[in-house]
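Have a look at the structure below before the remarks.
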């Protein structure tokens, strides 16, 4: 065993740890519980409460009182791994495949909207547009390609809207975003145990949201919202540790790491139609430019001479742009109670060739129900439940230089439980 072999293994490990950072499982929809109840079908046209700061900032012009809305969604995901196999240099690579690697997570949000005059309104939102957590068991058979992934984006959005008249309004808000991430892999080290590679980094970046809302008819509204791409220049560290590092390099290795990541832009179109005094119908589509993420490159500093393969590692990605479509309805039982339901079809940008154990997602079908209760005029409680079922997908990871492969079939589902409260004053 020589140092060059170790560095080659580490380079491959870092490449594996850094790839597949973004995909369909990285985007979050849970920024509104009232919207969740209708499957987010009318996200850019409904403007029912202060969560329109995210859904469509132009919708703030419809809110005639100060509003504060706070809430959260709890996501409980389940995964079943079938037909799994792994090899290293042609021999079976042992391990377990328990699945259920996504821990339960809460996604909070909060919004404030304040009308200024008959034309202008100000809003402020804090929410999570992107997030990812996968944490496999220590004996996971595919942990050479990803044992733990944790990525989180928190966004603060001050916003203004302007109503030209009672038919047309626009809105705009810069977004101040903070991304933190950790990617771990445990690569089998030629019979010397596992070499653990961890990449950690963070960055702050700025983007924007903009929207247009048109009351085309007394009963029908159209909305369009643009969420910009955000470019992050993450700075952090790459850490490698294990028996192989101890034997060859005298201990754990640590490098300064830089990684550029772009979260994609998206455009949301929707229509809200009030059928009568009791029924409201919603329909919408969202186009997301996942292809803006063309490649991932990790640049490591502090690399010793003769280890140039660790200095810069690039992985070309093959994600494609996606569409999400939704329909929904709301039924007003009485002045205090409204019931909601929705159906969403959501494409994944991944494919059977490049999909990773970090984000083993497929096309999704989501069924949602919800309710809004207004016991007094200035207070509303919203609840929602969503059931998500993904199309079964295959994962095939391979690192020929390490003789390492992992093949498996994933079947994923999730339950979402949301609750929020809106106060008007």
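In mature numbering (1 follows the signal peptide of the UniProt record, and there is no 0), the protein residues as written are -23 to -1, 1 to 402. The C-beta atom is built at its ideal place from N, Cα and C for all residues, glycine as well.
Residue 128 (DSSP reduced to helix, strand or coil): strand
Own chain residues within Cβ distance below 6 Å of residue 283, not counting five before or after: Legend: pLDDT at residue 283 = 47, less than 50; position of this residue unreliable, value from coordinates given subsequently. Taken in chain order, the list of residues that qualify is empty.
Proximity below 8 Å, CB of residue 177 to CB of residue 213: yes
Inter-stretch contact (C-beta, 8 Å, three-pair minimum) for the segment 22 to 33 and the segment 41 to 49: Segments in contact, yes.
contact_flag[the segment 329 to 347, the segment 1 to 15] where n(CB pairs < 8 Å) is 3 or more: yes
7 Å Cβ shell around residue 402 - same chain, five flanking residues per side excluded: Closer than 7 Å at Cβ, skipping near neighbours: 42, 43, 355.
C-alpha distance - residue 382 paired with residue 266, whole-angstrom precision: 30 Å
Residue 247, enclosing beta strand (DSSP E) - first and last residue: From DSSP, the beta strand (DSSP E) with residue 247 extends over 243 to 251.
Start-end ranges of the beta strand (DSSP E) lying completely within the segment 21 to 69, minimum 3 residues: 44 to 65
Nearest candidate by alpha-carbon position, reference residue 83, set 387, 161, 395: The shortest C-alpha to C-alpha distance from residue 83 to any of 387, 161, 395 is the one to 395.
Selected residue, minimal CA-CA separation from residue 107, among 194, 331, 239: 239
Exposure of residue 3, with buried meaning 16 or more beta-carbon neighbours within 10 Å: Its Cβ being crowded by 16 or more others within 10 Å, residue 3 is buried.
Which of helix, strand or coil DSSP assigns to residue 377: helix
Buried or exposed (CB count within 10 angstroms, at least 16 for buried), residue 181: exposed
Rounded C-alpha distance that separates residue 69 from residue 61: 11 Å
For residue 21 and residue 161, believed in contact at Cβ under 8 Å, the rounded distance: Not confirmed; about 37 Å, so no contact.
For residue 317, the nearest candidate out of 154, 310, 306 (CA to CA): 306
Alpha-carbon to alpha-carbon, residue 118 and residue 72: 4 Å
Environment of residue 277 [buried if 16+ CB atoms lie within 10 Å]: Note on residue 277: 16 or more other CB atoms within 10 angstroms of its CB, so buried under the neighbour-count rule.
Straight-line gap, residue 403 to residue 308 (C-alpha atoms, nearest Å): For residue 403 there is no data in the structure shown, the boundaries of the chain being -23 and 402.
contact_flag[the segment 122 to 139, the segment 94 to 108] where n(CB pairs < 8 Å) is 3 or more: Contact holds: three or more Cβ-Cβ distances are below 8 Å.
CB contact flag (residue 393, residue 52, <8 Å): yes
Beta strand (DSSP E) runs contained entirely in the segment 296 to 343, provided each spans 3 or more residues: 299 to 309, 314 to 323
For residue 3, three-class secondary structure by DSSP: helix
Neighbourhood of residue 398 by C-beta, 8 Å cutoff - its chain only, sequence neighbours within 5 removed: 46, 47, 48, 356, 357, 358, 359
Residue 323 versus residue 6 - alpha carbon distance: Across the structure, residue 323 and residue 6 are spaced so that their CA atoms are roughly 11 Å apart.
Nearest-angstrom beta carbon gap, residue 296 and residue 268 [assumed within contact, 8 Å]: 6 Å
8 Å Cβ shell around residue 362 - same chain, five flanking residues per side excluded: 345, 346, 347, 392, 393, 394, 395
Status (buried if at least 16 other CB within 10 Å, exposed otherwise) for residue 343: buried
Alpha carbon of residue 275 to alpha carbon of residue 218, nearest angstrom: 18 Å
Close Cβ partners of residue 341 (< 6 Å) along its chain, the five nearest in sequence each way excluded: 323, 365, 367
Residue 183 burial status per 10 Å Cβ neighbour count (16 or more: buried): Residue 183 should be labelled exposed.
Within-8 Å CB hit, residue 69 to chain C: Looking at the structure shown, chain C is missing, and only one protein chain is on hand.
Cross-strand partners of residue 230 (DSSP beta bridge): 217
Counterpart residues of residue 192 in DSSP-defined beta bridges: 198
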